[in-house]
Structures are given as C-alpha cells and as structure tokens.
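Report on the following structure.
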Amino acid sequence: MIQLVLPDGNKKEFKAGVSLYEVAQAIGPGLAKAAVGALVDGELHDLRERVYKNCAINIITTSSPQGREILCHTTAHIMAQAVKNLFHAVKLGIGPAITDGFYYDFDLPRRLSSSDLEKISEEMRRIIADDLSIERWEKSREEAKEIMQERGEELKLELIDELDTETVTFYQQGDFIDLCRGPHLPSTSYVNPNAFKLISVAGAYWKGDESRPMLQRIYGTVWNKKTELDTHLERLAEIERRDHRKLIKELDLVSFNDEGGAGLAYWHPKGGRMRVLIEDYWRKLHYEGGYEIIFTPHIGRAQLWETSGHLDFYRDGMYSPMEIEGQDYYIKPMNCPFHVMIYNSRTRSYRELPLRWAELGTVYRYERSGTLHGMLRVRGFTQDDAHIICTPEQIDEEILRVLEFSLNLLRGFGFTKFKIELSVRNPKTPEKYAGEDLMWEEAEASLVKALEAKNFSYHRMEGEAVFYGPKIDIKIEDALGRTWQCTTIQFDFNIPGRFDMMYIGEDGKEHRPYMVHRALLGSIERFYALLVEHYNGAFPVWLSPLQVVVLPVSQDNSGYAQSIAQQLRAVGIRVEARTERGRTINYLIRQAQLEKIPYMLVVGKREEEQGTVAVRLRTEEDLGPCRLDQFIELITEKITRKELI
RNA sequence: GCCGGCGUAGCUCAAUGGUAGAGCAACGGUUUCGUAAACCGUAGGUCGGAGGUUCAACUCCUCUCGCCGGCUCCA
3 MIQLVLPDGN KKEFKAGVSL YEVAQAIGPG LAKAAVGALV DGELHDLRER VYKNCAINII
63 TTSSPQGREI LCHTTAHIMA QAVKNLFHAV KLGIGPAITD GFYYDFDLPR RLSSSDLEKI
123 SEEMRRIIAD DLSIERWEKS REEAKEIMQE RGEELKLELI DELDTETVTF YQQGDFIDLC
183 RGPHLPSTSY VNPNAFKLIS VAGAYWKGDE SRPMLQRIYG TVWNKKTELD THLERLAEIE
243 RRDHRKLIKE LDLVSFNDEG GAGLAYWHPK GGRMRVLIED YWRKLHYEGG YEIIFTPHIG
303 RAQLWETSGH LDFYRDGMYS PMEIEGQDYY IKPMNCPFHV MIYNSRTRSY RELPLRWAEL
363 GTVYRYERSG TLHGMLRVRG FTQDDAHIIC TPEQIDEEIL RVLEFSLNLL RGFGFTKFKI
423 ELSVRNPKTP EKYAGEDLMW EEAEASLVKA LEAKNFSYHR MEGEAVFYGP KIDIKIEDAL
483 GRTWQCTTIQ FDFNIPGRFD MMYIGEDGKE HRPYMVHRAL LGSIERFYAL LVEHYNGAFP
543 VWLSPLQVVV LPVSQDNSGY AQSIAQQLRA VGIRVEARTE RGRTINYLIR QAQLEKIPYM
603 LVVGKREEEQ GTVAVRLRTE EDLGPCRLDQ FIELITEKIT RKELI
C-alpha cells in the first residue's frame, strides 16, 4: 500500500500502481469526471499514469491554469491531426498551449486561407466524436528518429536532435503521432466540440528565426463550455471595438497618412489639446518632484553617437546620416547623449547632485514596416525621458523616489493596478554586460531595497537586464485587464564612462557619477493609445478635448446657449454651443453621445426662463435642471479631482 | 524585412472583363423640434500609385506605396 497526500492535507491509502484516474474517482466521482491531469509532487502528469510510491497528489481540472494548458495542448494536437487528415504533404512544426488558446505551425505547400479553418474545425469535431484514446509512449532517441524519419517529419527530427533527454515521449491518438512532452487529456472526446474556435492563420518562421523557412501557423482558442468560449470571443470583440486605431479616427484625434510616410503620427486639434493637457500635467508634477526640464536638439554629429556606442550597438535602429558641411549628422534615436552634453558643459560638484533632468524628447527609430502598429509602434515618438545623475550614496533614495513618482503620475491618469518587474543580469554570462561586478551588485541591491522599502511585490527576471545595467519596469493594467509596459527605470553603467562624466567630491577628487535613465509614460504616442483604449474614448473630464456642449432645444434658444457657453469659457471650461440651424435636439444629443462629450447642457424655453441648464451626462444619466454656478462648481470639482465624469 | 490578406466618395461598405452605386457626413432649401438620427434636393470618384495584357481593366499580371493578422524587436 502507498499513502497519497491530498491538497487539503488528508491522506489516503492506495494499492501501489493505482492510476491517477482511480485516485480521482476515490476522492469523488464529480472530480473524476472533471479531471484532466494530476500534479504528483508538483509535477504535471497524465491521468492514466500510475503511482507506485508515497507522494502528494493534486487532481487537476480545466478550471486550473495547468488544466487549461492540458486542454489547449490537446486541442492543438487534434487540430494538427485534422490538418494532416485534410491536406497532403503536411510537416508538423510545434504546437504549444499559449494564453487563452494554442497554435500549431505547419509546413504545407498549399496556402491556408481563413475559409480552410471551417473545414479543419469540422474535421476536428469528427476526431472529437471518434473519442480516440490518447496514449503516451516512450522511445529511445534512435527509435524516435526512425519513427519520425518514416513519417517524413523532418522538423520533428530536428527537435529530437535538440532534446537532452535519454528517452523521447510521444503521444498518439488514432493514427496521429506527435513528439510531445505532454501531458494530455485521456481522450479526444474530452474536448467540447462546441467550445473551440480557430481564430486566424499567419506566417511564422520556424523557430522564430528569419533565416529559416516560414511556416503557416493556425491560432485557436478552446474552453470547457460554449458559454466560456462566447465570453472569450466577446472580449476579443470588445478589444476590437476599443482599438485606438479606430477611435482616433472616429473621434478626430490623430491620423496617419501614406503621403507623409508610415509610422508617423499627426495630432489633430482635439488630440493635440489632449496632448498638451497630458504634457502640462507631466511638467507640473516634474517641477514639483524636483526635476528640471531641459531641451536638446534633434540631430547630432556622428562623433557623439560613436562615443555613446549607439553606432556600434544601435545602428539598425537609426536612420541614415545626413551630411552637413562635410560632417555626418544623425537624427536622434535616444536623448541620453544630449543630456550628457549638458552635464559635461562644465565641471560638476557633488554639491549639485543629484541632478534630475527631464525632457519630452522626440526621437526617431527605424522600425521594420511589418512591425508598425497604430500609435503603439511608430517611427517617430516623444519619450518622457529623464536622467538622474547622482553619487553612489544617493542612489537608494533616488530609486525609491522615482518609483513612487512614477506610480503617482500613472495614478493621475486613472490607472490603479500595476505589476513591477526587476530585471537583473544573467549571472552565467557576466562578460556580456558593461560595468564592474561591484556596480551591478550595488545597483541591484538598491533596486531591491527600494522595492522592499515600499513592500511592492515584484517579479525578478533573471537575465532580462539590458547590457548597460539592471532595471525596474512597471506595467499598468488597463480596463480590460491587459498589461502594458510603460515605466522603465534603468541603471546605466555604460554612458558615464564613455563620456567620461565626473564630479568633484568632498575630497576634492574626481568621481564618476551614477546615472539612471527613466521613462515613465514610455512614449507619449504609445501612452496615448493606451488611454484611448482604457477609456474607450470616453476620457475623464480633465482630459476631454471638449468638456461641455450646450444644446439649444430650438433656434430660439441659440442666444441663450451662446451666453451659457461664453460664461463657461470664461472660467476655463472647454465648451461649444451647438447652435447650427436646422438640427433637432435629438440629433444634437446623439452627436454629442457619439463624440463622448462628458457633459451636455440642454437649454430650451424652460431653462431660458428660469436661467438654468438641464445637465445630461454621456453615461445617459439625466441630472435635471441646475443653476449655471452650481454646474460650474460641480464640473470644476470633477476636473480638480481628475474624476471620470 | 518576411508569410498571408486588404486598398472603390470624408466615413462605412456594394459592384466577378463591357457606361462605378448606397447609407451617413458635406452643401442648398423646408421644418423650430425637450434627452441617441426631421424631410426634400445638390454635389462629390484619373477605383492607393506606376506599368503591362486585352477591342475593352475597379476586375487579370508585374512593380510600388500604405493598411491589417502574425514572425522578430521593443517605448
């Protein structure tokens, strides 16, 4: 007999060699029915596997992340089987589970189109209906290679060669065999034929390597129940509806055009108004937070970029130089070297440190055409950049300061959920990084100290540091639960040495300062896109390009509407009176709704007689009649508190 | 950049080798209206651009620009 420990701490006795499925049954028939795998001492296994010794057992259902992974992975196999059944000369690539679904890469001479997806789905439903048992078996590497050779699965052969295990595991369902670590569902019928959907076909390089052939990848999603699938598809539809590329056009905020070139944003008056509001708020906070604001050029001589190392390490991201009087000048992809020029413009004393220099610096980077994506990925953008130059003794406090400063800034825009990542160097390859070991250790220590001083929970990302220093990244979570990296706070052990930055210390000697590079919103363009999607274009009052519209019920009330607008404008409210002739009040309200204007003031005969305004919100809430001074008080309060509406 | 898809009026979309069309927006007129679209009319297009095939090209071919979904990279 063996003893198994259940997650609740209870122990149960079984005969040695009991299958995990039997264990699930013994715990409860309901669990057995929902079970798709099991954790044995924390390791994920198939339900069919047997246990022979004492261990901790945790039966997994598809409601857990591991269970979902099994479901997704098996569905990927079913899809691969369907593709092999339908098309000749298919070679299998890889087919893993991913967030919310799966994909499988195929080498297939025929081009897949989205209309093929329906055919493949039908074949998948047939495979599911066949209730094929999914078997796991192991082979030696040689046998494994023979099997795959025989089946012409050249890509799989390559994968076997890369494995460092003695034996190779396979999964088989019907005549479909795949090289796979598993685990998998016990049978194809475990997949609900109504709860999966193939989403799209796309090209993907074999192993993500551009020099390798391009395969065809099919993405799909799978859930337990149709209702869950529907919820997921609805979420995708919501993401599409909120797409900033659509909203910036509809709301007349920002545009792109072919004539001007790809990846270059044009800010229209309304978008421009918002950008000014964002930047003004940013400047105010920076001055309050002890920063100075600087301005630097857009181009600089080649020598500058040689010294900084950009021409060695970042050339691919830079545009070709322009020649001016025999000298090469490059348009800047980053602001750092220019900030250093200001620092090096004279001798610096320890007394003036720390220096916190911020710039809304517009940079241009070459991005390959296929990577451009609305305002999220462009070729010209403005970074909310700053460099903190300080003594080693000051670094702990500076890091703490900038962390809090960033979170405060982001909260001002209505973001409340954050994820923090600490990226440190890969200890196995210290030679790949600039700067001395001691500096790396100190820097990492001060980053950790800052995070722990404030009890911030964070993920430690080993080997994710950039070559010139460790960093902290802050990701914000938006209204749809997606996360976006905005803030990055990076040590730079490279630049100070390259530019020979110095300060005179208390001891009268020269010392090298520490430099921290930070961008909080990241890029204004990108951050703006996030705002648009986060708020679905219905911005908080303080950010709305137009805060109030005054809507006359009839032409007779135009004059009154104008005077209301005039009074609001006088106290700094962004307002428009819509007195255009021939428009019904219903039309005006509908237009204002579509424009997502926070406040609509309806003025008709009643309001004009009583000297009031009827307040309607874009949420469709009707606040009823209100004196203008009361309304001004209300909206001013909302603006100051940065409330939504 | 690469693979696949797409590009028709300001916007959303029709028209499968034979005279380019609708709704909304714009403009003109009528209507003066109470919380999401009043009514009538007018105008608007070298069908992304260039070249080619054809008696004839929005439609087929080549190149090019841009957009979309991915690969890769990242703000």
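FYI, in our numbering the residues of the first sequence are 3 to 647. From the three backbone atoms N, C-alpha and C, an ideal C-beta is built for every residue, glycine too.
- Message: Using a Cβ distance threshold of 8 Å, determine whether the segment 531 to 550 contacts the segment 269 to 280, with at least three qualifying pairs required.
- Response: yes
- Give the straight-line distance between the Cα atoms of G584 and I295, rounded to the nearest whole angstrom. 50 Å
- For E124, does the count of other Cβ atoms within 10 angstroms reach 16, so buried, or fall short, so exposed? exposed
- Task: State the DSSP-derived secondary structure class of Q305, mapped to helix, strand or coil.
- Result: helix
- Query: Would you report the Cα separation of P98 and P627, rounded to the nearest angstrom?
  - Reply: 60 Å
- Query: For R462, which option in Y470, F469, I474 has the closest C-alpha, if you only look at C-alpha atoms?
  - Reply: I474
- Touch test, the segment 370 to 388 against the segment 419 to 438, Cβ-Cβ under 8 Å, three pairs minimum: no
- Item | Where V577 sits in the DSSP three-state scheme | strand
- Taking one C-beta from the segment 587 to 600 and one from the segment 559 to 568 each time, how about it: are there three or more such pairs within less than 8 Å? no
- Item | Ranges of the alpha helix (DSSP H) found wholly within the segment 463 to 500, counting only runs of at least 4 | 497 to 500
- Complete runs of the alpha helix (DSSP H) confined to the segment 550 to 625 [at least 4 residues]: 560 to 572, 587 to 596, 607 to 612
- Helix, strand or coil at P111 [DSSP, three-state]: coil
- Query: Excluding sequence positions up to five away, which residues of its chain have a Cβ less than 7 Å from the Cβ of P323?
  - Reply: A304, D330, Y331, Y332
- Message: Rounded to whole angstroms, what is the Cα-Cα separation between P31 and P195?
- Response: 23 Å
- Where N337 falls, given that 16 or more other Cβ within 10 Å makes a residue buried: buried
- Strand pairing of W715, partner residues [DSSP]: What is shown of the chain runs 3 to 647, which leaves residue 715 out entirely.
- Query: What is the DSSP secondary structure of E645, reduced to helix, strand or coil?
  - Reply: coil
- Query: Hey, quick one: how far does the alpha helix (DSSP H) through W442 stretch, first residue to last?
  - Reply: 439 to 455
- Message: For N496 and A436, which I take to be in contact (beta-carbon distance under 8 Å), what is that distance rounded to the nearest angstrom?
- Response: 4 Å
- DSSP three-state call for A197: helix, strand or coil? coil
- Validate contact between the segment 181 to 195 and the segment 57 to 73 using beta carbons, cut 8 Å, 3 pairs: yes
- Where T364 and T298 are concerned, what is the direct C-alpha to C-alpha distance, given to the nearest angstrom? 10 Å
- Task: Starting from S142, trace the beta strand (DSSP E) both ways and give me its first and last residue.
- Result: 136 to 142
- Item | C-beta atoms of R277 and I526 nearer than 8 Å | yes
- Starting from T658 and walking both ways along the beta strand (DSSP E), at which residues does that stretch end? Coverage of the chain is limited to positions 3 through 647, which leaves residue 658 absent and any answer about it impossible.
- Query: Starting from K121 and walking both ways along the alpha helix (DSSP H), at which residues does that stretch end?
  - Reply: 116 to 131
- Would I566 pass as a contact of L603 if the rule is Cβ separation under 8 Å? yes
- Task: Give the DSSP bridge partners of H519, in chain order.
- Result: H389, Q492
- Burial state of R317 (16 or more Cβ within 10 Å): exposed
- Item | Nearest to A360 (by Cα), restricted to the options F383, Q568, I391 | I391
- Identity of the residue in E145, A146, I129 nearest S189 by Cα: I129
- Task: Pair every Cβ in the segment 204 to 222 with every Cβ in the segment 9 to 17, then say whether three or more of these pairs are closer than 8 Å.
- Result: no
- Cβ-based neighbour list, Q654, same chain, cut-off 6 Å, excluding 5 preceding and 5 following: As shown, the chain starts at 3 and ends at 647. That puts residue 654 outside it, with no answer to give.
- Message: My assumption, with CB atoms under 8 Å, is that C488 sits in contact with L523. Please give the rounded CB distance.
- Response: 6 Å
- Supposed close pair V7, I61 - CB separation, criterion 8 Å: So it is not a contact: roughly 12 Å between Cβ atoms.
- Query: G263 bridges to which residues according to DSSP?
  - Reply: N259
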